[in-house]
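Have a look at the structure below before the remarks.
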Amino acid sequence: MLPEPTAAPAALSRRFSVAPMMDWTDRHCRFFLRQLSRHALLYTEMVTTGALLHGDSHRFLRHDECEHPLALQLGGSVPADLAAAAKLAERAGYDEVNLNVGCPSDRVQNNMIGACLMRHPALVADCVKAMLDAVSIPVTVKHRIGINGRDSYEELCDFVGQVRDAGCQSFTVHARIAILEGLSPKENREIPPLRYDIAAQLKRDFPELEIILNGGIKTLEECREHLQVFDGVMLGREAYHNPYLLAQVDATLYGSATPTISRADALRRLRPYIERHIAEGGAMHHVTRHILGLAQGFPGARRFRQLLSVDVHKAADPLALFDQAGELLEGH
Numbered sequence: 001m002l003p004e005p006t007a008a009p010a011a012l013s014r015r016f017s018v019a020p021m022m023d024w025t026d027r028h029c030r031f032f033l034r035q036l037s038r039h040a041l042l043y044t045e046m047v048t049t050g051a052l053l054h055g056d057s058h059r060f061l062r063h064d065e066c067e068h069p070l071a072l073q074l075g076g077s078v079p080a081d082l083a084a085a086a087k088l089a090e091r092a093g094y095d096e097v098n099l100n101v102g103c104p105s106d107r108v109q110n111n112m113i114g115a116c117l118m119r120h121p122a123l124v125a126d127c128v129k130a131m132l133d134a135v136s137i138p139v140t141v142k143h144r145i146g147i148n149g150r151d152s153y154e155e156l157c158d159f160v161g162q163v164r165d166a167g168c169q170s171f172t173v174h175a176r177i178a179i180l181e182g183l184s185p186k187e188n189r190e191i192p193p194l195r196y197d198i199a200a201q202l203k204r205d206f207p208e209l210e211i212i213l214n215g216g217i218k219t220l221e222e223c224r225e226h227l228q229v230f231d232g233v234m235l236g237r238e239a240y241h242n243p244y245l246l247a248q249v250d251a252t253l254y255g256s257a258t259p260t261i262s263r264a265d266a267l268r269r270l271r272p273y274i275e276r277h278i279a280e281g282g283a284m285h286h287v288t289r290h291i292l293g294l295a296q297g298f299p300g301a302r303r304f305r306q307l308l309s310v311d312v313h314k315a316a317d318p319l320a321l322f323d324q325a326g327e328l329l330e331g332h
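Written out as structure tokens, the structure reads:
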């Protein structure tokens, strides 16, 4: 069994990151992913400025120290509110604040959050400048290559140029346009075609900027290929559904000589965390719902998922069930 990691958290690098994903990348998910990779940059779910400034900010900002390097993604479009929220993030110890300019859902559009902001590059620039003036940690932007009605390359360059001039140096580019009427968020991740060539052209035309590629990347081999062109890669659904991919990230993309953790050892490292969560009044499935993909690809995977997603809800001793699931991973 590998020892618990004792070294200081890795410095922030955007060479490989796990995307902010609503309902998925909560603090329990991030703690689990950090057991697999020390170097991957992890993002929170998108948190709106309203939730932080008028809600339970501690709940939204809470994280374990081991999660670093860690970035908070904000949703909002009022510069003063974003500046205030960025200050809370910095005070809470986050390593980066990222502005969401890519989410296409109707709910966020109605609040002037997400991809609809690509229509308003000057406003995004004002938001970024307000945050940069308020904090000393990096402020980054995650955006699409366009939206319907504003999807020309010239308009994309105008957006990036204005936001760059406000001080942003790092852009994560989801290499699809967003269709803001008629498609669900899920459809917006699948129907508009991926245009890696547009993102690559952006890197050529803005060589001084850090350009991170997002969208449709599934393997570390693809990551290595994209890193010939881009400064970093961001994986979303694949990193969530096939999380053991992260166990190879440090060696493959960062040249780390640290032994690769096994699935079984990753689960063992998670057990004390689950014990603490239960002791605080939480339920085991809050954590285990994020690890169902850990057994992907070998016999026993179906039983593993059954134990931790169905049986867990009726178990008198959930930790005994967890240990039973862990036995299925021995040797893997």
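Residue numbers for the sequence shown, in the UniProt record's numbering: 1 to 332.
Where a beta carbon is used, it is the ideal one built from N, C-alpha and C, also for glycine.
Open item on the list: Whole angstroms are fine: how far does the CA of Cys-29 sit from the CA of His-285?
Closed with: Taking C-alpha positions only, His-285 is separated from Cys-29 by approximately 11 Å.
Open item on the list: Quick check: the Cα distance between Leu-2 and Thr-140, rounded to an integer number of angstroms?
Closed with: Summary for Leu-2: the model assigns pLDDT 42, below 50, so the residue's position carries little reliability; its value from the coordinates is reported in the next sentence. Distance between the alpha carbons of Leu-2 and Thr-140: 35 Å.
TODO: Would you kindly report the start and end of the unbroken beta strand (DSSP E) that includes Ala-178?
DONE: Where Ala-178 is concerned, the enclosing beta strand (DSSP E) starts and stops at 170 to 178.
Open item on the list: With H, G and I counted as helix, E and B as strand and the rest as coil, what does DSSP make of Gly-146?
Closed with: In the three-state scheme derived from DSSP, where H, G and I count as helix and E and B as strand, Gly-146 is classed as strand.
Open item on the list: Looking at Val-310: is its Cβ nearer than 8 Å to the Cβ of Leu-321?
Closed with: Taking 8 Å as the cut-off, the Cβ atoms of Val-310 and Leu-321 do not count as close.
Open item on the list: For Ala-301, which residues in the same chain have their Cβ closer than 6 Å to its Cβ, ignoring the five residues on either side in sequence?
Closed with: Cβ-Cβ distances below 6 Å link Ala-301 to Ala-295 in the same chain, with the five nearest sequence neighbours on each side left out; the list follows chain order.
Open item on the list: For Glu-4, count the other beta carbons within 10 Å of its own beta carbon; 16 or more makes it buried, fewer makes it exposed. Which is it?
Closed with: The predicted position of Glu-4 is uncertain, since its pLDDT is 48 and thus under 50; no value can be drawn from it.
Open item on the list: Measuring alpha carbon to alpha carbon, tell me which residue in Asn-111, Glu-90 and Gly-93 is nearest Asn-100.
Closed with: When only C-alpha atoms are compared, the closest one is Asn-111.
Open item on the list: I'd like to know if the segment 176 to 183 and the segment 199 to 206 are in contact, where contact means that at least 3 CB-CB pairs between them fall below 8 Å.
Closed with: The segment 176 to 183, when compared against the segment 199 to 206, does not touch it at the 8 Å Cβ threshold.
- [ ] With a 10 Å radius around its C-beta and 16 neighbouring C-beta atoms as the bar for buried, classify Ser-37 as buried or exposed.
- [x] The C-beta of Ser-37 has 16 or more other C-beta atoms within 10 Å across all chains shown, which makes the residue buried.
TODO: Starting from the N-terminal side, write out each stretch of the alpha helix (DSSP H) that is 4 residues or longer and does not extend beyond the segment 170 to 245.
DONE: The qualifying runs are 185 to 188, 196 to 205, 220 to 226 and 237 to 241.
Open item on the list: Alpha carbons only, please: which of Ala-279, Val-173, Tyr-94 and Gly-93 is nearest the one belonging to Gly-318?
Closed with: Looking at the sequence itself, residue 318 is Pro, so the reference to Gly does not match. For Pro-318, the nearest C-alpha among the options comes from Ala-279.
Open item on the list: Can you give me the C-alpha to C-alpha distance between Asp-197 and Asp-95, rounded to a whole angstrom?
Closed with: Spanning the two alpha carbons is a distance of roughly 30 Å.
Task: Bounding residues of the beta strand (DSSP E) (the contiguous stretch that carries Val-163) - done: Residue range 153 to 165 is occupied by the alpha helix (DSSP H) that includes Val-163, with no beta strand (DSSP E) assigned at that position.
Open item on the list: Please give the ranges of any alpha helix (DSSP H) in the segment 261 to 309, keeping only runs that are unbroken, at least 4 residues long and fully inside the region.
Closed with: Taken in chain order, the whole alpha helix (DSSP H) runs of length 4 or more contained in the segment 261 to 309 are 263 to 279, 285 to 288 and 301 to 309.
Open item on the list: Do Asn-188 and Ala-175 count as a contact pair if the criterion is CB distance below 8 Å?
Closed with: Not closer than 8 Å, so no.
TODO: With Gln-35 as the anchor, note down where its beta strand (DSSP E) starts and where it stops.
DONE: Per DSSP, Gln-35 lies in no beta strand (DSSP E) segment; the continuous alpha helix (DSSP H) that holds it begins and ends at 27 to 36.
TODO: Report the rounded CA-to-CA distance for Glu-154 versus Asp-23, giving the unit in angstroms.
DONE: Roughly 34 Å between the two C-alpha positions.
Task: Residues near Ala-11 by beta carbon distance below 8 Å, same chain, minus five either side - done: Result list for Ala-11: Pro-69, in chain order.
Open item on the list: Taking its Cβ as the centre, do 16 or more other Cβ atoms sit within 10 Å of Pro-207, making it buried, or is it exposed?
Closed with: Pro-207 is exposed by the Cβ-count criterion.
TODO: Have a look at Phe-32 and Asp-250 and give me their C-alpha separation to the nearest angstrom.
DONE: Take the alpha-carbon of Phe-32 and the one of Asp-250: they are about 15 Å apart.
Open item on the list: Across the segment 251 to 271 and the segment 44 to 53, are there enough close Cβ pairs to call them in contact, namely three or more that are closer than 8 Å?
Closed with: The count of Cβ pairs closer than 8 Å, one atom from the segment 251 to 271 and one from the segment 44 to 53, stays below three, leaving the stretches out of contact.
- [ ] Tell me Ser-17's beta-bridge partners as DSSP assigns them.
- [x] Paired residue(s): Leu-41 and Met-234.
Task: Same chain, Cβ closer than 8 Å to Gln-162, five either side skipped, listed in chain order - done: Same-chain partners within the cutoff: Pro-121, Ala-122, Val-124 and Ala-125.
Task: Selection from Met-46, His-290 and Phe-171 that minimises the alpha carbon distance to Phe-230 - done: Checked all of Met-46, His-290 and Phe-171; the closest Cα to Phe-230 is Phe-171.
Task: Separation of Leu-209 from Glu-221, as counted between CA atoms - done: Between the C-alpha atoms of Glu-221 and Leu-209 there is a straight-line separation of about 24 Å.
Task: Backbone secondary structure at Met-46 - three-state DSSP - done: In the structure shown, Met-46 sits in a strand (DSSP, three-state: E or B).
Open item on the list: According to DSSP, Gln-73 sits in a beta bridge with which residue or residues?
Closed with: Beta-bridge partners of Gln-73 (DSSP): Met-46 and Asn-98.
Task: Paired residues, beta bridge with Thr-140 - DSSP - done: BP columns for Thr-140 point to Asn-98.
Open item on the list: Between the alpha carbons of Gly-167 and Met-131, how many angstroms are there, rounded?
Closed with: Approximately 10 Å between the Cα atoms of the pair.
- [ ] Leaving aside the five residues before and after Arg-150 along the sequence, list all residues of the same chain whose C-beta is less than 7 Å from its C-beta, in chain order.
- [x] The answer, listed in chain order, is Met-118 and Arg-119.
Task: Neighbour-count burial assignment, Pro-299, 16 or more Cβ in a 10 Å radius - done: So Pro-299 ends up on the exposed side.
- [ ] List the whole-angstrom C-beta distance separating Ala-86 from Val-97, where the pair is believed to meet the contact cut-off of C-beta under 8 Å.
- [x] Yes, Ala-86 and Val-97 are in contact; Cβ-Cβ is about 5 Å, under 8 Å.
Task: Beta-carbon proximity list for Met-21, same chain, < 7 Å, skipping 5 on both sides - done: Correct list, in chain order: Glu-45, Gly-236 and Tyr-240.
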